[in-house]
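Residue numbers (the working numbering): -12 to 647.
All C-beta atoms, glycine included, are put in the ideal place defined by N, C-alpha and C.
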């Protein structure tokens, strides 16, 4: 039977749900046809986007402490440019533009989270060391993830929500199709974008509402360290809709455990004491700290321990997947000629032979970089550094992919903190301490951080390609070019910003993540300690969750991510459940939920795009923010516009033509 051509302007009905027995997913672009993907246009525009967004994201992330996701703004620009140029076959080419350009955000996160910490500690690092740290980590992230593509994007189809990939796909598809879907996406994008813009830029109302807005809430927060906070942004609400009620509830349960139980307990047990678990020079008693400070100083480490343990448990559970990937690699090497069945175009990855060869070359390059690039002092220490990179990057690649697939947020900073602590302990045991040890730990941490960041971004990219029907091999190949351009750009931006502003002293760059990494590495290399008690508590929680069959990674992500970003997920998930369950007709419920997904995607896209604009205005010191108004009335009125966009989302989603 001849395969039927999909409607090239809309996703299939089974794009977001689990497949029934015997059912298969067929993307928009037919696997039996070849489409223009890698062209002079898509590569040129993609690389320009990489340079532009790498520089912008690094600049703004270090200057104002705001790191934005590049995938959605790039997808919007790709659609706009292709439309303006009246290009044919633009959907497949726009995926490649987004694929290459989105390397920027991933490499930026890996670079600016760790490398500026070297300057903060008043140590030396050169351009080549920074560029190679980012590039080698990014290459390993791509290569380690490729064997797991089929598992995450195909075998687990419909089981993970992939919120960022969903929003980006909706932008690309709706931009191609026009019609009602495009109008819905554009309208919700304008509403969500303007909503978030007037909050972040004008300060018309508070971005976060807290129980401390009331007198009794302030007293409870001060005495019992009990506080709840809610981010009022449209983009986070849209993210919650796509995540869905199940995962949103589990994530929030992790937050509730930390903010309603653990933080008050830490205050109750150690309140009058100075608790310096890492010997970082803390002088404040626990009782004198705010709930936020207790979270950042202590409770968040429980989440890190939980994420690490949940990741290890997940690795053990997916040992069959790992074994299968290794088995394919071995079979390719052992196979001597003979005919091989060629996979469908939409299921064609880089060959496992190429992947294994690439990993071998990349690891040799990492060793050479450590041994002869001024990172460590001896060949033995270089071997140790290589082992740390290889083991942690490989094992936690699946953790990063899992986190992105579930909640759209990669806990790369938490995993990097764990990497830095392990690296510092091991290097110190090998005789590398002091300033040299700090530089080595941060460069090694930068390699791992970038690997995990890029792996998370690539799984999003490959899921977009899977839904639309592009060739995975093309996306994978051109990601290598994208990360090369991004690594060079990011290293250059960090070097220039250090000379222009510096990372310490008056008017220095904010660099919040790098400051946190510096605060961890310095005491560890000077005889300090890790908060093993807190990591251990997190590990026990993850193990208990697994025993009781609760998704441990989602729960522990909730413990790590601030509660004000998790509560809106629960509201968005509840809206998704509500609009998808009100009718007795399953088709109407599905249509309503799909329209809600478009609206949620618009909120995310609008918020991401306007977030960039807002950050630029903040950097430019544009002084027309309603600061005094916000301070006096912001929290009190913030709930009203939030209710407004909730009602808009519900009413618009429910308005579905019953004959459609």
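Between the C-alpha atoms of residue 94 and residue 136 there is a straight-line separation of about 20 Å. For residue 217, the beta-bridge partners assigned by DSSP are 196. Residue environment: residue 340 is assigned as exposed (fewer than 16 neighbouring CB atoms within 10 Å of its CB, all protein chains considered). Residues of the same chain with a CB within less than 8 Å of the CB of residue 107, apart from the 5 flanking positions on each side, are 490, 491, 498, 501, 502, 505 in chain order. By the Cβ-count criterion, residue 450 is buried, with 16 or more other Cβ atoms from all chains shown falling within 10 Å of its own Cβ. If you look at residue 466, you'll find it in the alpha helix (DSSP H) that goes 459 to 487. The Cβ atoms of residue 24 and residue 458 lie closer than 8 Å to each other.
In the assembly as shown, residue 170 is an exposed residue. Its beta-carbon has fewer than 16 other beta-carbons within 10 Å.
Just so you know, the alpha carbons of residue 121 and residue 408 end up roughly 19 Å apart. Excluding five sequence positions before and after residue 274, the CB atoms of its chain that fall closer than 7 Å to its own CB belong to 254, 258, 259, given in chain order. Burial is judged here by how many other beta carbons sit within 10 angstroms of a residue's own beta carbon; residue 2 has at least 16 and is buried. According to the DSSP assignment, residue 400 belongs to the alpha helix (DSSP H) that extends over 399 to 416. Straight-line spacing of the CA atoms in residue 67 and residue 368 works out to 50 Å. Taking 8 Å as the cut-off, the beta carbon of residue 214 is found closer than this to the beta carbon of residue 197. Straight-line measurement puts the Cα of residue 487 at about 15 Å from the Cα of residue 42. Annotated as proximal: residue 383 and residue 439, with beta-carbon spacing under 8 Å. In this structure, the CA atom of residue 113 is about 11 Å from the CA atom of residue 430. Note on geometry: alpha-carbon atoms of residue 421 and residue 355 lie some 22 Å from one another. In the DSSP annotation of this structure, residue 567 is not part of any alpha helix (DSSP H), being labelled neither H nor E. A direct Cα-Cα distance of roughly 20 Å separates residue 641 from residue 555.
Put simply, the segment 223 to 232 does not touch the segment 516 to 536. Fewer than three CB pairs are less than 8 Å apart. In this structure, the beta-carbon distance from residue 184 to residue 597 falls below 8 Å.
Per DSSP, residue 270 is not a residue of any alpha helix (DSSP H), being assigned neither H nor E. If you keep only unbroken alpha helix (DSSP H) runs of at least 4 residues inside the segment 99 to 163, you get 103 to 107, 114 to 132. Three or more beta-carbon pairs separated by less than 8 Å link the segment 469 to 476 to the segment 85 to 104, which places the two stretches in contact. Here DSSP, grouped into helix, strand and coil, assigns residue 167 to helix. Residue environment for residue 144: buried (at least 16 other C-beta atoms within 10 angstroms of its C-beta).
Around the C-beta of residue 0, fewer than 16 other C-beta atoms lie within 10 Å, and the residue is accordingly described as exposed. Residue burial is scored here from C-beta neighbours: residue 57 has at least 16 other C-beta atoms within 10 angstroms and is therefore classed as buried. A contact between stretches requires three or more CB pairs, one per stretch, nearer than 8 Å, and the segment 549 to 564 meets this requirement with the segment 201 to 220. Put simply, the backbone Cα of residue 266 is about 47 Å away from that of residue 452.
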